[in-house]
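Residue numbers (the working numbering): -6 to 86. The C-beta atom is built at its ideal place from N, Cα and C for all residues, glycine as well. Before any comments, here is the structure.
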Amino acid sequence: MLKSETRQANWRRANPLKYSAHLAVQQAVSSGKLKKECCEVCGSEAVDAHHDRYDEPLNVRWLCRRHHVKLHHYGEDMFPVNCAPAKARSAEK
Ligand SMILES: [Zn+2]
Ligand SMILES: [Zn+2]
């Protein structure tokens, strides 16, 4: 069985551009250069950065795990572009 660390290392080797884009986002967020926003679909505050283009590492969209996965699976036609108020949704789990 592969250890998850090994998997991550493999992933990094296979996706150097993605990896560096993610690092750039993490650094920009922790230095305050980039601000995390709520999910553009449902307003959740637990978000991932989604890259439309990995060669623009700080040009990201914020999506919760659920909608991030959906975007990758189904594409974006289904998404209205708006940012619902996070508070109203945060009770919903
Ligand atoms: Zn969402
Ligand atoms: Zn993504």
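Nearest-angstrom Cα distance between Trp45 and Arg54? Here the question's residue 45 lines up with position 52 in the sequence shown. Here the question's residue 54 lines up with position 61 in the sequence shown. The sequence given here places Asp at residue 45; Trp does not occur at that position. The alpha-carbon atoms of Asp45 and Arg54 are separated by roughly 8 Å.
Compute the minimum distance between the beta carbon of Leu16 and the heavy atoms of ligand 2, and state whether it is under 8 Å. Here residue 16 refers to the residue found at position 23 of the sequence shown. Checking the Cβ of Leu16 against ligand 2 gives no.
Anyone know if the C-beta pair for Leu56 and His43 falls short of 9 Å? Your numbering for residue 56 matches position 63 in the sequence shown. Your numbering for residue 43 matches position 50 in the sequence shown. A contact, by the Cβ cut-off of 9 Å.
So, with DSSP's three-state summary, where would you put Leu51? Locating residue 51 in the sequence shown gives position 58, where the first residue counts as 1. In the structure shown, Leu51 sits in coil (DSSP, three-state: anything other than H, G, I, E or B).
Which whole-angstrom value describes the C-beta separation of Ala50 and Ala17, a residue pair presumed to lie in contact below a C-beta threshold of 8 Å? Reading the sequence shown from its first residue, position 57 is the one you call residue 50. Reading the sequence shown from its first residue, position 24 is the one you call residue 17. For the sequence presented, residue 50 should be read as Pro rather than Ala. Correct: roughly 4 Å between the Cβ atoms.
Find out if the Cβ-Cβ distance for the pair His22, Cys31 is shorter than 9 Å. Position 29 of the sequence shown, counted from the start, is the residue given in the question as residue 22. Position 38 of the sequence shown, counted from the start, is the residue given in the question as residue 31. Here residue 22 turns out to be Val, not His, going by the sequence shown. Against a cut-off of 9 Å, the Cβ pair of Cys31 and Val22 comes out as no contact.
Tell me the DSSP bridge mates of Ala2? Reading the sequence shown from its first residue, position 9 is the one you call residue 2. According to DSSP, Ala2 bridges with nothing at all.
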